Amino acid sequence: MPLDEPAKKEVSHEFREGFRHTELCERLTGANQTVPATNPRKHDDQEGLLKRDFIYDILLFTFDKQLRRRMVVDFETEANFMDHDVFERMNVRMDPYDGPPTQLTTRGELTPLGKVQATWIIVGFETPYCAEFYVVKGTSFDVILGTTSCRAIDLSSVDPMVATRLDNLKQT
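Written out as structure tokens, the structure reads:
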């Protein structure tokens, strides 16, 4: 949709005022919302699916609150990882780790500071999940879930596309 054309779904100024949206912003938003409809994915084209990350908003449970964070499902890693900053905000005990450095694809070799058990839910769902995570420093992610935990917690029951990725791993 050209930017000089109005978006299909107009928002009145009274709603727009609270957010301070401009007309240009509205047209860009309208254009972005029409991309999936104008460029539908081919069902037989799995290449894009097989290369992308799955990212979920999660709520990590602590003793006194819930922390909203992002969880990346990494289909090239078996272990789970948590950034040290997230661990500190959880205010839970960390078990020591004295093993060798671990390999996290695309992020290199990491030496865990320790291990922690975490319970979380995926935002919008009610099922709680629990897994052990290696705590690491200096990362660009909050939480990474590896393939072993994906299978153990049956994440594919929440997102069928996870099953497609896990099945593809078995075939290679």
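Just so we're aligned, residue 0 is where the sequence shown starts under numbering that gives the first Met the number 0, counting upward by one. Note that CB positions come from ideal geometry on N, CA and C, so glycine has one too. None of the values given here were measured: they were computed from a predicted structure.
Checklist entry - Among V122, M93, T76, R92, which has the Cα closest to the Cα of T101? => result Comparing Cα-Cα distances from T101 to each of V122, M93, T76, R92, the minimum goes to T76.
**Asked** So S155 and L165 are in contact, right, with Cβ under 8 Å, and what is the actual spacing, rounded?
**Response** That pair is a contact at about 6 Å.
Can you pull the DSSP bridge partners for F132? Beta-bridge pairing links F132 to V115.
What are the start and end residues of the alpha helix (DSSP H) that includes V71? First-last for V71: 65-72, but that is the beta strand (DSSP E), not the alpha helix (DSSP H).
Comparing alpha-carbon positions, which option in H83, W119, V91 lies nearest P111?
-> Nearest of H83, W119, V91 to P111, Cα basis: H83.
(Q) Can you tell me whether F86 is helix, strand or coil according to DSSP? (A) DSSP places F86 in helix when its eight states are reduced to three.
Member of P95, M70, F124 whose CA lies at the smallest distance from the CA of V85: Of the candidates P95, M70, F124, the one whose C-alpha sits nearest the C-alpha of V85 is M70.
Problem - Cβ-Cβ separation, V142 to M220 (assumed contact under 8 Å), whole Å - result: Absent from the model: residue 220. The displayed extent of the chain is 0 to 171, so no value can be given.
Identify, in the order they occur along the chain, each residue of the same chain with its Cβ nearer than 6 Å to the Cβ of L66, setting aside the five sequence neighbours on each side.
Here the set comprises L59, R88.
Since V91 contacts V122 with CB under 8 Å, what's their CB separation in whole angstroms?
Not confirmed; about 20 Å, so no contact.
Output needed for R40: all residues of its chain with C-beta closer than 6 Å, excluding positions within five of it in sequence on either side, in chain order.
Confidence is the limiting factor: at R40 the pLDDT is only 47, short of 50, which leaves the residue's position unreliable and the question unanswerable from this model.
In the DSSP assignment, the alpha helix (DSSP H) including T147 goes from what residue to what residue? Residues 146-151.
### Residues bridged to M81 [DSSP beta-bridge criterion]
Beta-bridge pairing links M81 to V134, V142.
*What is the rounded straight-line gap between the Cα of V135 and the Cα of I54?*
Spanning the two alpha carbons is a distance of roughly 19 Å.
- Task: Quick one: residues in its chain with C-beta nearer than 6 Å to the C-beta of D97, no 5 flanking neighbours on either side, listed in chain order?
- Result: Within the same chain, and ignoring the five residues on either side of D97 in sequence, no residue has its Cβ closer than 6 Å to its Cβ.
With 16 other CB atoms within 10 Å as the buried threshold, where does E73 fall?
Position check: residue 73 holds Asp in this sequence, whereas Glu was assumed. With 16 or more other Cβ atoms within 10 Å, it is buried.
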